[in-house]
Ligand code: UDP
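Residue numbers (full-length UniProt numbering): 1 to 242.
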């Protein structure tokens, strides 16, 4: 079945905030359910899926700093938050019949495996969904940078950034009615036009390693499958556009 798919190995980046759903409160079971169904469809198509999940729904280092928590301490708290989200996704994916592993950049043996690149790749080859928790294990980074780094390490075909919007626009579509979505845009153009796709560290990692990024709406049912099938979904950011 893999022949129908444009991508064979993907790194799916999901934001912690999206997991909170409309309630904005921690983890919304309806969002987990929807994500799991979408992911199951692509796993069944033979696609190898790795996931990086954020922690913004629970804790962010920068916000912690504002309330008096030391930045580095707060960043570690944020990394632990991503493990909570990773475990929630793991549980939901398993309920939907998928085999999974959580691999953490911070050792916590009783909870999940430590991150070892070769083992991660082996899990993927066996059809297990691998969820990377605890970011990179270092403060002052984000889960977007983690997604870029892990995608490069496991030689994923692309980073798929699931968001609440369906791609990158010429202007803010909420404010400007004439704004249009880019089907494809080069790394250079994103940089020159100062469009926000990922933080600069993450973006530069992708650009330097020629790793395509696709920004798409994960909350729109079926979009992940259509993207994998090569349909015009979201915005592709790559070195060149046809
Ligand atoms: N974080 C970190 N190092 C990493 C990844 C994450 O310090 O490699 C911390 C950082 O404080 C960040 C928080 O974890 O604010 C949650 O991650 P992020 O903000 O990327 O989550 P998202 O915005 O995707 O929900």
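In this text, a Cβ means the ideal position worked out from N, Cα and C, and glycines have one as well.
In the three-state reduction of the DSSP assignment, residue 152 falls in the helix class. Residue 75 has its Cβ nearer than 6 Å to a heavy atom of the ligand UDP. In the three-state reduction of the DSSP assignment, residue 195 falls in the coil class. Contact between residue 160 and residue 11 holds, since their C-beta atoms are separated by about 7 Å, short of 8 Å.
Shown here, residue 184 sits in a strand according to DSSP, grouped into three states.
Proximity of the beta carbon of residue 146 to the ligand UDP is indicated: a heavy atom of the ligand is located closer than 6 Å. Linking residue 52 to residue 131 through their CA atoms gives a straight-line distance of about 6 Å. If you draw a straight line from the Cα of residue 242 to the Cα of residue 236, it is about 11 Å long. Contact between residue 120 and residue 202 does not hold, since the beta-carbon distance rounds to 19 Å and is not under 8 Å.
Shown here for residue 186: same chain residues with a beta carbon closer than 8 Å to its own, the five before and five after excluded, namely 237, 238, 239, 240, 241 in chain order. Closest by C-alpha distance to residue 142, out of 8, 14, 4, is 14. In this model, residue 212 and residue 66 are separated by some 34 Å (Cα to Cα). At the C-beta level, residue 38 and residue 227 stay beyond 7 Å of one another.
DSSP places residue 169 in the strand class (E or B) of the three-state scheme.
In this structure, the alpha-carbon of residue 20 lies about 15 Å from that of residue 36. With respect to residue 129, residue 100 sits close: the two C-beta atoms are nearer than 7 Å.
Restricting attention to 176, 164, 191, the CA atom closest to the CA of residue 22 is found in 164. Taking 6 Å as the cut-off, one finds no heavy atom of the ligand UDP near enough to the beta carbon of residue 103.
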